[in-house]
Amino acid sequence: MPEVKKLSDGIFEVIKDKKHLATKNLDPGKNVYGEKLIPVEGVEYRTWDPRRSKLGAMVLKKFNITLKKDSKVLYLGAASGTTVSHVSDIISEGAVYAVEFAPRSMRDLIGLASRRKNIHPILADAGKPDSYSHLVEPVDIIFQDVAQPNQAEIAARNAIRFLKKDGYLLLSIKARSIDTAANPKEVFKAEMKKLEQAFEPGFEILNAKDLKPYHEDHLGVLAKLK
Amino acid sequence: MKINTWFGILETDRAGEILESSLLSKDIRELALHSLSLRDSRSNFPPEGFDLKTAALKSGFAESPAEYYSLLHEVTLEAAKLQVSGALTPDQRIIQAVEALDDINETTNALSERLFEWYGGYFPESGLGGEDLALFIAKYGSRENVSSEDPLYSKARNSMGAKLEPADEALLKGFAENVCSLYERRRQIEAYIENSMELVAPNLKLVSGPMLGARLISLAGSLEKLAEFPSSTIQVIGASKALFKHLRARAPSPKHGIIYSHPLINTAPWWVRGKVSRAVASKLSLAARIDFYSGEKNPSLTERLEAKVLQIRTLNPRPPQKRQESGAKPKKRRRK
Ligand SMILES: C[S@@+](CC[C@H](N)C(=O)[O-])C[C@H]1O[C@@H](n2cnc3c(N)ncnc32)[C@H](O)[C@@H]1O
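As given, the protein sequences belong to chains P and F, one line each in that order. The first sequence begins at 11 in my numbering and counts up one residue at a time. The second sequence begins at 61 in my numbering and counts up one residue at a time.
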């Protein structure tokens, strides 16, 4: 019998042969991206590959992920929904607004959302939050993984509009999408400064760590509005 | 304060209390289309931190949070499906409208001509045609009904035309009414294209005018494709016979692209038309790119184009001399 350890609300470590990060499958019997399904005492766990998911890596890097079963989440850069599917598992009674602007990825995301009621897909540019402000309520968490040069600005615009006063921003910064030649450390420093100072009121950075060995040249950031 | 939401329009006071709401019905398709139409809107956004769910419950749109989320889920899903199916991107809607306009023009012209010939037998002196004639017939039917205030009154009295029997009159009036509504529909589509162009391609609209811009998008297949064309291609878009139906009556000759209907080109003297059309094409191409990639309106585009065209015309005030006239040996020199 595999052993299950709870890491935080909705996030588990399942030990079967080796340790797996996992969430409880909201859509039993189905996997999303080739991950394993492990049944334990009537509950189906879905393994979560930290190498395929910045958020998964952030969990293993001991970021304080405050997702609860009824959290409201704004997810920017949802792609085909690899990570969104795990967020959907964790916030089983909440809502995740999944924003993605590439139509190709949106097709996959639509497939995923049609089987999971708590995913609300939005085809839009995360840099233009006005264009989806008629759909999105104030949220507890913004997770952003857009790999764009203006990612600090995107985070700020969305946080001002949608993040609750006591909400958190979780951000993955990819050094190479900002400056392909520069030293990642310098890039990260500059981006953090932007997050803290480039807008009113600015973010307070609570935690920042690189995501090695799961992702090269990526920085995870946890922040809240000042 | 007015607030646009996916489930309707709310009127709130300063404290955010809802004073009035105009809610949509719970029809998923309708809600999805409404939601999509709000993407491009430029005002009445919910203010920062506005709680849409609470507003939906208070205004009576949804009875419970569960119902709210369930409707929201279906609506976002439907809207996303419509978007990726591509049928509803704004530039595709413009293309549909351009094609509808061409069809309507063709039909309207044919029916107007029929009406002209038919009614001509009864009132040949009217001097009316097109929409004026259709409006006249729809209003009076037989020329005997023309009122004394109408400028055509005496002509109608003294006309040599045949008498219009009641059965024919009913038929002609109905026919004329249909023609009138076609003209009306045509104006509606033109207004739609003009509005959509302002949202989708404001810079292209500025440089080309709404109709030529819409036709360029239509012939290219999408704004994205138009933005990718080199300006030399834009110069000849629409030149091929098959695509030429779009401009039938307007363009001077099918070996030119439809940009030859641009006022800066068709008012230019023939000897600089090639140069001017290259300048126009290059600005159109730039405008399409700005529209596709950034969308910000840049009013200096037209000024720069007009200055460029003026320069071309001042540098080439006279037509080039023909070779024979300029002496025995042909000159090879050409002004660049
Ligand atoms: C690195 S991938 C995200 C992977 C995803 N978070 C996961 O773990 O499953 C980045 C995604 O962001 C999307 N993206 C980039 N810029 C965007 C923008 N401005 N608005 C919306 N999506 C954007 C890209 O299309 C791409 O799918």
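Ideal Cβ positions, reconstructed from N, Cα and C, are used throughout, including at glycine.
Please tell me whether, using a cut-off of 6 Å, the distance from the CB of V69/P to the nearest non-hydrogen atom of ligand 1 is below it.
Position 59 of the first sequence holds residue 69/P. Checking the Cβ of V69/P against ligand 1 gives no.
Taking CB distances under 7 Å as the criterion, tell me whether P211/P reaches chain F.
Counted from its first residue, the first sequence places residue 211/P at position 201. Residue contact check for P211/P against chain F: no CB pair falls below 7 Å.
Evaluate the contact criterion for the stretch 199-217 of chain P versus the stretch 84-100 of chain F: three or more CB pairs, one atom per stretch, below 8 Å.
Not touching, per the Cβ criterion.
Would Y252/F and A160/F be called neighbours here (beta carbons separated by less than 7 Å)?
As a working note, residue 252/F is residue 192 in the second sequence. As a working note, residue 160/F is residue 100 in the second sequence. Cβ distance not < 7 Å, so Y252/F and A160/F don't count as in contact.
Thinking C-beta only, is L179/P closer than 7 Å to A105/P?
Here residue 105/P refers to the residue found at position 95 of the first sequence. Here residue 179/P refers to the residue found at position 169 of the first sequence. A distance of 7 Å or more separates the beta carbons of A105/P and L179/P.
Can you pull the chain F residues whose beta carbon is under 7 Å from the beta carbon of D140/P, in chain order?
Position 130 of the first sequence holds residue 140/P. Chain F residues near D140/P: F105.
Once the 5 residues before and after I69/F are set aside, which same chain residues still bring their CB inside 6 Å of it?
Reading the second sequence from its first residue, position 9 is the one you call residue 69/F. Same-chain partners within the cutoff: S82.
What alpha helix (DSSP H) runs, 4 residues minimum, are completely inside the stretch 198-223 of chain F?
Here the runs fully enclosed are 213-217.
Closer than 7 Å, CB to CB, is Q143/F near chain P or not?
Your numbering for residue 143/F matches position 83 in the second sequence. For Q143/F, the nearest CB of chain P lies under 7 Å from its own CB, placing it at the interface with that chain.
Ligand 1 heavy atom lying under 6 Å from the CB of F352/F:
Indexing the second sequence from 1 puts residue 352/F at position 292. Checking every heavy atom of ligand 1 against the Cβ of F352/F, none is found closer than 6 Å.
Would you tell me roughly how many angstroms separate the C-alpha atoms of A115/F and I78/F, rounded to the nearest one?
Numbered from its first residue, the second sequence carries residue 115/F at position 55. Numbered from its first residue, the second sequence carries residue 78/F at position 18. Roughly 8 Å between the two C-alpha positions.
Check I21/P in the structure and name its three-state DSSP category.
The residue you call residue 21/P lines up with position 11 of the first sequence. It is a strand residue.
Can you name the residues that DSSP bridges to A237/P?
Residue 237/P is absent from the model: chain P starts at 11 and stops at 236.
Alpha carbon to alpha carbon, how far is P131/P from S124/P? Give it in angstroms, no decimals.
Numbered from its first residue, the first sequence carries residue 124/P at position 114. Numbered from its first residue, the first sequence carries residue 131/P at position 121. Using only the alpha carbons, I get a separation of about 9 Å.
Quick one: which residues of the stretch 96-126 of chain P get their C-beta closer than 7 Å to a C-beta of chain F? List them in chain order.
Residues of the stretch 96-126 of chain P with a C-beta atom less than 7 Å from some C-beta of chain F are A105, P113, M116, R117, I120, A123 and S124, listed in chain order.
Whole angstroms are fine: how far does the CA of K223/F sit from the CA of S313/F?
Position 253 of the second sequence holds residue 313/F. Position 163 of the second sequence holds residue 223/F. With a pLDDT of only 46 at S313/F, under the threshold of 50, the placement of this residue in the model should not be trusted, and no figure is reported.
Report all residues from its chain with a CB closer than 8 Å to the CB of G20/P; omit the five preceding and five following residues, and keep chain order.
To locate residue 20/P, count along the first sequence from 1; it is residue 10. In the same chain as G20/P, and ignoring 5 residues on each side of it, the C-beta atoms closer than 8 Å to its own belong to T33, K34, L77, K78, K79, D99, I100, I101 and S102, in chain order.
Does I152/P have its Cβ less than 7 Å from a Cβ in chain F?
Counting from one through the first sequence, the residue named residue 152/P turns up at place 142. So no, I152/P is outside the interface.
Roughly how many whole angstroms lie between the Cα atoms of E147/P and F172/P?
Mapped onto the first sequence, residue 147/P falls at position 137. Mapped onto the first sequence, residue 172/P falls at position 162. Between the C-alpha atoms of E147/P and F172/P there is a straight-line separation of about 7 Å.
7 Å is my cut-off, CB to CB: does R171/P come that close to chain F?
Taking the first sequence and counting its residues from 1, one reaches residue 171/P at position 161. Among the CB atoms of chain F, one or more fall inside 7 Å of the CB of R171/P.
Own chain, CB closer than 8 Å to L399/F, minus 5 neighbours either side, in chain order
No information on residue 399/F is available, as it lies outside the stretch 61 to 396 that chain F covers here.
Nearest-angstrom Cα distance between E237/F and E209/F?
As a working note, residue 237/F is residue 177 in the second sequence. As a working note, residue 209/F is residue 149 in the second sequence. Rounded to the nearest whole angstrom, the CA to CA distance from E237/F to E209/F is 22 Å.
Contacts around A162/P, its chain only, beta-carbon distance under 6 Å, and the 5 residues preceding and following it disregarded
Along the first sequence, read from residue 1 onward, the residue named residue 162/P stands at position 152. If the five residues before and after A162/P are omitted, its C-beta is found closer than 6 Å to the C-beta atoms of E201, K204 and L205, all from its own chain and listed in chain order.
Could you name the residues of the same chain whose beta carbon sits closer than 7 Å to that of E177/F, not counting the 5 residues immediately before and after it, in chain order?
Taking the first residue of the second sequence as 1, we reach residue 177/F at position 117. Excluding residues within five positions, none has a Cβ falling inside 7 Å.
Tell me which residues of the stretch 323-346 of chain F have at least one Cβ-Cβ distance to chain P shorter than 8 Å, keeping chain order.
Those would be none; no residue qualifies.
Please identify the residue among F183/F, A170/F and K62/F whose C-alpha is closest to the C-alpha of S103/F.
The residue labelled residue 103/F in the question sits at position 43 within the second sequence. The option with the nearest alpha carbon to S103/F is K62/F.
What are the uninterrupted segments assigned as alpha helix (DSSP H) that are 4 or more residues long and contained completely in the stretch 88-165 of chain F, given in chain order?
Runs of the alpha helix (DSSP H) lying entirely within the stretch 88-165 of chain F and spanning at least 4 residues, in chain order: 88-98, 112-118 and 125-144.
Work out the CA separation of E356/F and L370/F for me, nearest whole Å.
The residue labelled residue 370/F in the question sits at position 310 within the second sequence. The residue labelled residue 356/F in the question sits at position 296 within the second sequence. Near 26 Å, if we compare the C-alpha coordinates of E356/F and L370/F.
If we cut at 7 Å on Cβ distances, does E54/P have a partner in chain F?
Here residue 54/P refers to the residue found at position 44 when the first sequence is read from its first residue. Judged by the 7 Å Cβ criterion, E54/P is not in contact with chain F.
With respect to 6 Å, is the separation between the Cβ of Q158/P and the closest non-hydrogen atom of ligand 1 below this value?
Locating residue 158/P in the first sequence gives position 148, counting from the first residue. The answer is yes for Q158/P.
Whose Cβ in chain P lies nearer than 9 Å to the Cβ of W66/F?
Here residue 66/F refers to the residue found at position 6 when the second sequence is read from its first residue. By Cβ distance, chain P contributes H144 and L145.
Proximity test, Cβ basis, 7 Å: S140/F and chain P:
The residue you call residue 140/F lines up with position 80 of the second sequence. At residue 140/F the sequence reads Ala, which differs from the Ser that was named. Judged by the 7 Å Cβ criterion, A140/F is in contact with chain P.
Out of E108/F, K215/F, Y353/F and T293/F, which has the shortest C-alpha to C-alpha gap to K175/P?
Numbered from 1 along the first sequence, position 165 holds the residue referred to as residue 175/P. It is E108/F.
Touching or not, the stretch 123-132 of chain F and the stretch 219-235 of chain F, by the rule of three or more beta carbon pairs under 8 Å?
Result no; under three Cβ-Cβ pairs closer than 8 Å.
Could you tell me the distance, in whole angstroms, from the CA atom of S291/F to the CA atom of K71/P?
The residue given as residue 291/F occupies position 231 in the second sequence. The residue given as residue 71/P occupies position 61 in the first sequence. Computed Cα separation, rounded: 52 Å.
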